[in-house]
Amino acid sequence: MAIGLAFLLTVPVYAETSIFAGGEVDNHGQGFTYLGLELSKKLNDNFSLAGRLVPNYLTYRYRSGPDLVRAQSPGFYGLAGTKLAWGATSVDLFGGVEYRHTSLKPDVSSSNKGDQVSGIVQGAFDTWIPSRTNFNLLVSYSGISTFIYERGRIKQQVTNLDYKDANTINLGVEQIMGRNADFTEFGGGLIFEVFNIPHSVAFSVRGGYKHDTTFGHGGYWGLEFYKRL
138 MAIGLAFLLT VPVYAETSIF AGGEVDNHGQ GFTYLGLELS KKLNDNFSLA
188 GRLVPNYLTY RYRSGPDLVR AQSPGFYGLA GTKLAWGATS VDLFGGVEYR
238 HTSLKPDVSS SNKGDQVSGI VQGAFDTWIP SRTNFNLLVS YSGISTFIYE
288 RGRIKQQVTN LDYKDANTIN LGVEQIMGRN ADFTEFGGGL IFEVFNIPHS
338 VAFSVRGGYK HDTTFGHGGY WGLEFYKRL
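Counting in my numbering, the sequence shown runs from 138 upward without gaps.
Here is the structure:
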């Protein structure tokens with residue numbers, strides 16, 4: 138977190154700024170919401186330095202003997218890293234520090250309870266090809282719970298192909314997977330996205346099927362928002 142804060146305090150005011158937010162919840166009351174700020178400074182056509190600050194809120198459930206335990210875990214992470222770009226293709230590489238405070242109900246014994254600080258790394262790949270098709274991959278690893286999260290998406294632009302209108306609609310599919318030593322989840326769903334070109338705003342609705350080792354079959358849905366300032 139100190140690395141991210143140092144970057145945000147020292148980056149020039151003419152750096153590009155963007156905000157992003159989102160949330161996901163499943164039919165068992167498990168979910169993750171976040172609100173983030175990113176500052177990036179372009180050093181040349183292919184290379185940028187960037188920092189992110191992301192407060193977030195995580196809730197999940199698991200079984201401990203006869204108890205079904207509900208965990209509530211507000212957190213915060215700060216990241217610093219690089220953004221590489223070649224035309225319509227980009228690669229993001231970030232590392233930083235994550236803080237999380239976890240409370241359990243009922244209050245069972247757990248190594249994840251209370252205040253925890255650890256490292257976090259994230260990487261992303263994104264590209265648009267001439268058919269107006271977008272491929273995106275996100276991978277994140279948290280040292281607090283040794284949790285690996287991976288999400289892959291394919292989206293297709295279906296309207297405004299001549300870019301004469303303000304809004305463009307993209308339709309897509311996604312695949313999600315998360316795991317650590319005690320838990321595994323996987324699933325996939327559909328994405329509906331609207332991008333407003335003049336204001337550089339994107340809004341998307343997503344949802345689909347999810348399976349996890351605690352509850353088995355289920356569904357999930359979520360919202361996402363992005364704005365370049």
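Beta carbons: idealized from backbone N, C-alpha and C, even for Gly.
No experiment lies behind these values; they were computed from the predicted model shown.
Quick one: what's residue i bridged to in DSSP?
i, result
"Asn193", "Tyr171, Gly212"
"Lys292", "Asn271, Gly309"
"Thr226", "Trp223, Thr264"
"His354", "His348"
"Phe323", "Met314, His348"
"Lys250", "Partner(s): none; Lys250 has no beta bridge."
"Ser337", "Answer by DSSP bridge pairing: none, since Ser337 is not bridged."
"Thr239", "Gly251"
"Ala217", "Gly188, Gly232"
Judging by CA-CA distance, which residue of the options is the nearest neighbour of residue i?
i, options, result
"Leu360", "Glu153, Tyr171, Gly188, Leu180", "Tyr171"
"Gly159", "Asn193, Gly166, Leu186", "Asn193"
"Gly251", "Gly260, Ile257, Arg237, Gln259", "Arg237"
"Glu175", "Gln253, Thr196, Thr350, Gly215", "Gly215"
"His336", "Gly324, Asp163, Thr305", "Thr305"
"Gly353", "Asn164, Ala187, Thr296", "Asn164"
"Gln259", "Ala303, Arg189, Arg269", "Arg189"
"Ile328", "Arg343, Ser185, Arg316, Asn317", "Arg343"
"Val276", "Leu298, Val338, Asp229, Gly325", "Asp229"
"Ile266", "Pro211, Gln294, Gly256, Tyr278", "Gln294"
Checking 8 Å against the spacing of the C-beta atoms, do residue i and residue j come in under that value?
i, j, result
"Gly289", "Leu308", "no"
"Asn333", "Ser282", "no"
"Val206", "Leu241", "yes"
"Glu161", "Tyr357", "yes"
"Asn183", "Ala222", "yes"
"Asp204", "Val245", "yes"
"Lys292", "Glu322", "no"
"Tyr346", "Ser155", "no"
Around the Cβ of residue i, are there at least 16 other Cβ atoms within 10 angstroms (buried) or fewer (exposed)?
i, result
"Ser341", "buried"
"Leu180", "exposed"
"Arg365", "exposed"
"Phe231", "buried"
"Tyr197", "buried"
"Gly202", "exposed"
"Thr350", "exposed"
"Lys301", "exposed"
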